[in-house]
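Okay, so here's the structure we're looking at.
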Amino acid sequence: MKEFKFKVWDKVKRTMLKPQAITFDIQSLAPFAVSVPGRSWEPVGKFELLQWTGLSDTKGKEVYEGDFVKISGTIYRVTWSQEAASFELVEVGDSGNRSIIDVGKGILVGNQFENSDLVR
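Using my numbering, you'd call the opening residue of the sequence shown number 166 and step up by one each time.
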């Protein structure tokens, strides 16, 4: 079975955290609450959940949804494509896409929350 990992962006404190646990609604399977270090369970709406792609960059760093990866001088954002039901790499500032498998050819350079300057 595929391993599921998440990191969460705290929308209020504006910081990236590793959740201790996430609860899901048993009927819809939608995330319901998040537990992060030093705090009790909080509503999922306070956080942006970012799923691990299952892949790592050339240095072995895990790549998550919302991360920026640089491949051959071009920066791509890791996004979830509902249409394709998979992660994909979308070129920043352009409309070019690459297969998510190409993450292994690049280097992690940031994420959309802590490094929004990479979008410009």
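C-beta: ideal position from N, C-alpha, C; glycine also. Just so you know, these numbers come straight off a predicted model, no measurement behind them.
Got a sec? Which residues, its chain only, sit under 8 Å from residue i by beta carbon, not counting five neighbours each side?
| i | result |
| --- | --- |
| G269 | L220, S221, D222 and T223 |
| N280 | F233 and V274 |
| D175 | M181, L182, V201, K211 and F212 |
| K167 | G219 |
Here's the rule I'm using: 16 or more other beta-carbon atoms within 10 Å means buried, otherwise exposed. How should residue i be labelled?
| i | result |
| --- | --- |
| N276 | buried |
| F342 | No answer is possible for residue 342: it lies beyond the span of the chain, which begins at 166 and ends at 285. |
| T180 | exposed |
| T188 | exposed |
| I272 | exposed |
| F169 | exposed |
| K172 | buried |
By DSSP, does residue i sit in helix, in strand, or in coil?
| i | result |
| --- | --- |
| K172 | strand |
| G261 | coil |
| V201 | coil |
| I236 | strand |
| L194 | coil |
| G219 | strand |
| V268 | helix |
| V209 | helix |
| V177 | coil |
Please return the same chain residues whose Cβ sits closer than 7 Å to the Cβ of residue i, not counting the five positions on each side in sequence.
| i | result |
| --- | --- |
| S200 | P184, Q185, A186 and W206 |
| D267 | I236 and L254 |
| L283 | F233, I240, V257, V274 and G275 |
Is the CB-CB distance between residue i and residue j below 8 Å?
| i | j | result |
| --- | --- | --- |
| G210 | F278 | no |
| R263 | Y229 | no |
For residue i, collect the residues of the same chain with a Cβ closer than 6 Å to its Cβ; drop the 5 residues on either side in sequence, then sort them by chain order.
| i | result |
| --- | --- |
| G258 | none |
| E227 | W217 and S221 |
Q: For the stretch 243 to 252 and the stretch 182 to 200, state whether three or more C-beta atom pairs, one from each stretch, are separated by less than 8 Å.
A: no
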